[in-house]
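Protein chains in written order, with this note's numbering: chain W, 1 to 289; chain G, 1 to 125. Where a beta carbon is used, it is the ideal one built from N, C-alpha and C, also for glycine. All values reported here derive from a predicted model rather than from experimental measurement.
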Amino acid sequence: MSTTLEITNLSKDYGDFRLDNISFSLPKGYVMGLIGPNGAGKTTIIKIIMNLIMKQSGAVKIFGKDHQKFEVEVKKRIGFVYDTPNFYEHLNLKQLKNTVAPFYENWDERTFNDLIDRFKLPLNKTLKKFSKGMAMKSSIAMALSHHADFIIMDEPTSGLDPVVRRELLDFLRELMVDENKSILFSSHITTDIEQVADYITYVQDGKLVFSKTKDDIFEEYALVKGGNEMLDLDIRKGFVGVRTGAFGFEGLTNNLKETKELLANNVIYEKASLEDIMFYTNLNLKTAY
Amino acid sequence: MKIIISNASAEPIYEQIGKQIKAQIISGDLKEGEGLPSIRKLAKELHISVITTKRTYVELEKEGFIDVVGGKGTFVAIQNKELLREKKMKSIEDMMGDIVAEAQKLGISFSELQEMLTILYGADE
Numbered sequence: 001m002s003t004t005l006e007i008t009n010l011s012k013d014y015g016d017f018r019l020d021n022i023s024f025s026l027p028k029g030y031v032m033g034l035i036g037p038n039g040a041g042k043t044t045i046i047k048i049i050m051n052l053i054m055k056q057s058g059a060v061k062i063f064g065k066d067h068q069k070f071e072v073e074v075k076k077r078i079g080f081v082y083d084t085p086n087f088y089e090h091l092n093l094k095q096l097k098n099t100v101a102p103f104y105e106n107w108d109e110r111t112f113n114d115l116i117d118r119f120k121l122p123l124n125k126t127l128k129k130f131s132k133g134m135a136m137k138s139s140i141a142m143a144l145s146h147h148a149d150f151i152i153m154d155e156p157t158s159g160l161d162p163v164v165r166r167e168l169l170d171f172l173r174e175l176m177v178d179e180n181k182s183i184l185f186s187s188h189i190t191t192d193i194e195q196v197a198d199y200i201t202y203v204q205d206g207k208l209v210f211s212k213t214k215d216d217i218f219e220e221y222a223l224v225k226g227g228n229e230m231l232d233l234d235i236r237k238g239f240v241g242v243r244t245g246a247f248g249f250e251g252l253t254n255n256l257k258e259t260k261e262l263l264a265n266n267v268i269y270e271k272a273s274l275e276d277i278m279f280y281t282n283l284n285l286k287t288a289y
Numbered sequence: 001m002k003i004i005i006s007n008a009s010a011e012p013i014y015e016q017i018g019k020q021i022k023a024q025i026i027s028g029d030l031k032e033g034e035g036l037p038s039i040r041k042l043a044k045e046l047h048i049s050v051i052t053t054k055r056t057y058v059e060l061e062k063e064g065f066i067d068v069v070g071g072k073g074t075f076v077a078i079q080n081k082e083l084l085r086e087k088k089m090k091s092i093e094d095m096m097g098d099i100v101a102e103a104q105k106l107g108i109s110f111s112e113l114q115e116m117l118t119i120l121y122g123a124d125e
């Protein structure tokens, strides 16, 4: 299996924020969701991958090649969708396309027109009159009209209404029928990630919490609910985080098998959502300080 | 082919899909040699991860229900109906084993158990 993205021991120190020794990789043909609270380092990682900011140490390889040494070659095969459009507000979509297209040898006019049709985007309206949904869709159309093999999206779904978000997710699913494409997308809307990602990479405070397949995560993590009398020190230690109330506790385990051996049928087990996982991991980090 | 998955179920999704495909092969709704959708098509249609659908197909192939032919696709394995029935019988036997163990734990007698089965099977009418 060839690897689309491989990040090894990536670090960058901003003084007040530090991206700390991040490593993960994305095999070809899969979707990876990058999650974490605001300010966790998601955008920093993406900007480093795109070589928009310099890393301090570590390695980034895209299609097996160093992202700086082979920057031009590698970027031709990347479609980049970023969250803050855009510098060309006075242009309309047609003019924008005419500006961008010449930079790509592989620019495909037909794909572009198909996408414009599909997203029902007007070609002659200036971009500053676009709604947020339209702006995101045009950003995607621009990024996907040169047969990119690796699509990187920074917060593509934030600020979009549920209808447009679902359209976008459906579109991503369709793309992934082609096994040569890979997608990395960041979001703090964990339900979007849960719906389309094969791999999930979770960063918090500049550190990697995990990078795993979604299936593994949902097999290992679970919410556990039960009476407070069940909650002795050992049990408590086994949880990522626990909340207790007057009538019982709710905790998150990251080792469901072991928890089940300990607590058997004395408690209730429920599937943990990514949001639960983020919430309790965050709780844990806060109490650790 | 018809597949319905439940996100609320405790049963892993790859197993839910596997069970339904198996059931359709055994019932003959899916014929021997019939093509199955690719893992990517299936993932797209069911809104689940490719990793999940891949796992289903790997398990089904291990159990001999399907053949994955590199470059061509995935097909319902050619195998005799007897063998399938045999497999299904084996799984019923396993389930009965669980029932017996559970019944013995609770001190339920053989005749009581037999009575339950008679009623459930509808053989008492």
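With 9 Å as the threshold, decide whether the Cβ of residue i is near any Cβ in chain G.
i       : result
V177(W) : yes
R173(W) : yes
T201(W) : no
T190(W) : no
D198(W) : yes
Y289(W) : In this prediction, Y289(W) has a pLDDT of 46, which is less than 50 and means its spatial position is unreliable; nothing more can be read from the coordinates.
E167(W) : no
V31(W)  : yes
Y269(W) : yes
G219(W) : Correcting the residue type first, residue 219(W) is Glu in the shown sequence and not Gly. Chain G contact via Cβ: present.
D215(W) : yes
Cα separation between residue i and residue j?
i       : j       : result
L172(W) : K257(W) : 33 Å
M1(G)   : V76(G)  : 12 Å
S158(W) : I189(W) : 7 Å
D13(W)  : V100(W) : 33 Å
K237(W) : S27(G)  : 49 Å
L208(W) : A43(G)  : 28 Å
L113(G) : R166(W) : 51 Å
Y14(G)  : T213(W) : 14 Å
N255(W) : I7(W)   : 26 Å
L96(W)  : F103(W) : 12 Å
H47(G)  : Q195(W) : 7 Å
D67(G)  : I78(G)  : 8 Å
S2(W)   : Y30(W)  : 11 Å
P27(W)  : I51(G)  : 12 Å
E115(G) : I99(G)  : 14 Å
E102(G) : K47(W)  : 58 Å
9 Å is my cut-off, CB to CB: does residue i come that close to chain W?
i       : result
Y14(G)  : yes
I51(G)  : yes
A101(G) : no
R55(G)  : yes
S6(G)   : no
A23(G)  : no
A123(G) : no
By DSSP, does residue i sit in helix, in strand, or in coil?
i       : result
G18(G)  : helix
Q24(G)  : helix
E82(G)  : helix
Y289(W) : With a pLDDT of 46 at Y289(W), under the threshold of 50, the predicted position of this residue should be treated as unreliable, and no value is reported.
E102(G) : helix
R243(W) : strand
Q56(W)  : coil
Y202(W) : strand
S91(G)  : helix
F63(W)  : coil
G107(G) : coil
N21(W)  : strand
A143(W) : helix
Within a Cβ cutoff of 8 Å, which residues of the same chain sit near residue i, ignoring the five residues on either side of it in sequence?
i      : result
S38(G) : G73 and T74
Less than 8 Å separating the Cβ of residue i from some heavy atom of the ligand GDP?
i      : result
A43(G) : For the structure depicted, the ligand GDP is absent and the ligand set is empty, with no information on it obtainable.
Name the chain W residues whose beta carbon is nearer than 8 Å to that of residue i?
i      : result
K41(G) : V177
K44(G) : R173, E174, M176 and V177
Closer than 7 Å by beta-carbon distance: list the chain G residues that pair up with residue i, in chain order.
i       : result
Q195(W) : H47
Y14(W)  : Residues of chain G passing the Cβ test: none, with the nearest at roughly 34 Å.
Closer than 7 Å by C-beta to residue i: which residues in its own chain qualify, once you throw out the five before and the five after it? Chain order, please.
i       : result
M230(W) : L263, N266 and V267
A148(W) : R77, I78 and G79
L115(W) : A141, L144 and S145
F24(W)  : I7, T201, L208 and S211
R40(G)  : V50
Starting from the C-beta of residue i, find all residues in its chain whose C-beta is less than 6 Å away, skip the five residues before and the five after it, and write them out in chain order.
i       : result
L144(W) : G79
Q204(W) : G36 and A40
S273(W) : none
T111(W) : S145
Q24(G)  : L30
For residue i, go through chain G and note every residue whose CB falls closer than 9 Å to its CB, in chain order.
i       : result
K212(W) : Under the 9 Å cutoff, chain G gives no residues; its nearest Cβ is about 10 Å from K212(W).
Which chain G residues sit within Cβ distance under 8 Å of residue i?
i       : result
D149(W) : None at all; the shortest Cβ gap to chain G is about 15 Å.
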